[in-house]
Amino acid sequence: MDAEKIFIGLLSGLVAGAIAIFTNYWRTRYTVKAQDFSKRIEEVIKKIDSLEDTSCEYWHTLDENNKILEAKIIGKQEQVSMLISHLAEQYHISPLSQIEDKLADFCDSCTGSDFSTENRGISNAPEYIRKVLISSEDLKIELYNSRLKKY
Numbered sequence: 001m002d003a004e005k006i007f008i009g010l011l012s013g014l015v016a017g018a019i020a021i022f023t024n025y026w027r028t029r030y031t032v033k034a035q036d037f038s039k040r041i042e043e044v045i046k047k048i049d050s051l052e053d054t055s056c057e058y059w060h061t062l063d064e065n066n067k068i069l070e071a072k073i074i075g076k077q078e079q080v081s082m083l084i085s086h087l088a089e090q091y092h093i094s095p096l097s098q099i100e101d102k103l104a105d106f107c108d109s110c111t112g113s114d115f116s117t118e119n120r121g122i123s124n125a126p127e128y129i130r131k132v133l134i135s136s137e138d139l140k141i142e143l144y145n146s147r148l149k150k151y
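Here our numbering is used: the first residue of the sequence shown is 1, the next is one more, and so on.
Structure follows, in structure tokens:
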């Protein structure tokens with residue numbers, strides 16, 4: 001009788017311990033992945049903000065630094081695109097098509113119709129800057145929404 005009680009006690013303890021270990025492992029793994037995804041979204045948002053600032057600077061200034069700003073804008077667009085592609089691969093974000101559409105709109109607004117032309121005037125600058133600001137917020141909102149849907 002005593003051996004049975006000890007065996008049942010040990011078995012109960014082992015089962016409870018195994019369940020606790022499994023639950024903690026799963027919860028920690030999920031939490032770490034969610035935090036990592038959230039951190040990566042924040043990194044992409046910072047890159048978008050940087051691209052937004054550079055694009056607005058480009059559209060409201062006309063000087064010899066235009067070629068440098070153009071190169072920065074194109075490079076930063078590639079960075080944002082690469083990071084979003086990485087998120088899509090690693091975390092299977094959704095709806096990816098909507099994020100890609102918002103990214104395309106944002107990139108188009110950054111490199112508008114007069115981008116990289118010699119005759120670019122600043123008379124259209126307010127319109128271009130407005131498009132950059134609105135499209136960047138649309139993209140950020142879509143990324144935030146994907147984060148909420150994912151975790």
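Even glycine gets a Cβ: it sits at the ideal position worked out from N, Cα and C. Predicted model only: the values in this text are computed from it and were never measured.
Glu142 sits close to Gln98, with the two beta carbons spaced by under 7 Å. Under the DSSP assignment, Glu100 falls in the alpha helix (DSSP H) whose first and last residues are 96 to 110. Excluding the 5 residues flanking it on each side, Lys140 has same chain C-beta neighbours closer than 7 Å at Ile45, Ile48, in chain order.
Relative to Glu64, the option among Ser116, Lys76, Asp53 whose CA is nearest is Ser116. Secondary structure at Leu14: helix, using DSSP grouped into helix, strand and coil. Scanning its chain for C-beta atoms nearer than 6 Å, with the 5 sequence neighbours on each side dropped, one finds around His60 the residues Ala125, in chain order. Taking a C-beta distance under 7 Å as the contact criterion, Ser55 and Val132 qualify as a contact pair. Unbroken alpha helix (DSSP H) stretches of 4 residues or longer found wholly inside the stretch 66 to 93: 66 to 91, given in chain order. Across the structure, Asn24 and Ser12 are spaced so that their CA atoms are roughly 18 Å apart. Residue nearest to Leu87 within the set Gly17, Ile21, Gly121, Lys33 is Lys33 (criterion: CA-CA distance).
Listed in chain order, the non-local C-beta contacts of Ile122 below 7 Å within the same chain comprise His60, Leu62, local neighbours out to five positions each way being set aside.
Taking the C-beta atoms as reference points, Ser146 is found nearer than 7 Å to Ile93.
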